[in-house]
Amino acid sequence: MTKTKAVTKKDIVRTIAEKLELPQLRTKELVQLTFDALIDALVLEKRIELRNFGVFQIKERKARMARNPRTGEKVPVQAKSVVTFKPGKEMEARVRQLDRERAIGLESAGESRNAEASPMTRPSPKDQPES
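Using the working numbering, the letters of the sequence shown correspond one by one to residues 1 to 131.
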């Protein structure tokens, strides 16, 4: 599996600056203000709904007992707050479209290999007629 490059804040700033024809420094300030506002709203309200994008929410994980995988010893895990994200319908639809495009690409790549037999479909030597 190939590792994909993560999109950074710098990439987002560059894209927005180009599209809006703004200086990157000013765009960086706007992006940072947006991120700060999202974090503040999440901490205060515990939920942010962004239509067609998704929902960020703070959920509380209960305290529980876990097991140390090296020793097998039971260890307590304290309760904690975690941030969750549920993608919106538009985001999910675009990801599904990407999956469909990949599947089509894989099918056409498979057809162009001149029907090479895979180990699963290749006849075994004992199935061959003796000469």
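Using N, Cα and C, we set each Cβ at its ideal position, and we do this for glycine too. Bear in mind that the values here come from a model prediction, so they are computed numbers and not experimental data.
Could you pull the start and end residues of the alpha helix (DSSP H) that residue i belongs to?
i	result
A41	Q24 to E45
R14	K9 to L20
Given a threshold of 16 other Cβ atoms within 10 Å of its Cβ, counted over all protein chains shown, does residue i qualify as buried or as exposed?
i	result
Q128	Note that Q128 has pLDDT 47, beneath the 50 cutoff, so the model's placement of it is unreliable and the number below is only indicative. With fewer than 16 other Cβ atoms within 10 Å, it is exposed.
K19	exposed
V13	buried
F35	exposed
F15	For the record, residue 15 in the displayed sequence is Thr; it is not Phe. The residue in question, T15, is exposed, as its Cβ has fewer than 16 Cβ neighbours within 10 Å.
Look up residue i in the DSSP assignment and give the residues it is bridged to.
i	result
K59	V82
G54	L50 and P87
Check for me: the beta strand (DSSP E) holding residue i runs from which residue to which?
i	result
R67	R64 to R67
K74	K74 to V77
Of the choices the options, whose alpha-carbon is the least far from that of residue i?
i	options	result
I39	N52, V82 and R61	V82
E45	N52, L33, I58 and R51	I58
T84	L25, L22 and E60	E60
Under the assumption that residue i contacts residue j (Cβ atoms under 8 Å), give the Cβ distance between them as a whole number of angstroms.
i	j	result
G54	K86	6 Å
R67	K74	6 Å
A79	K62	6 Å
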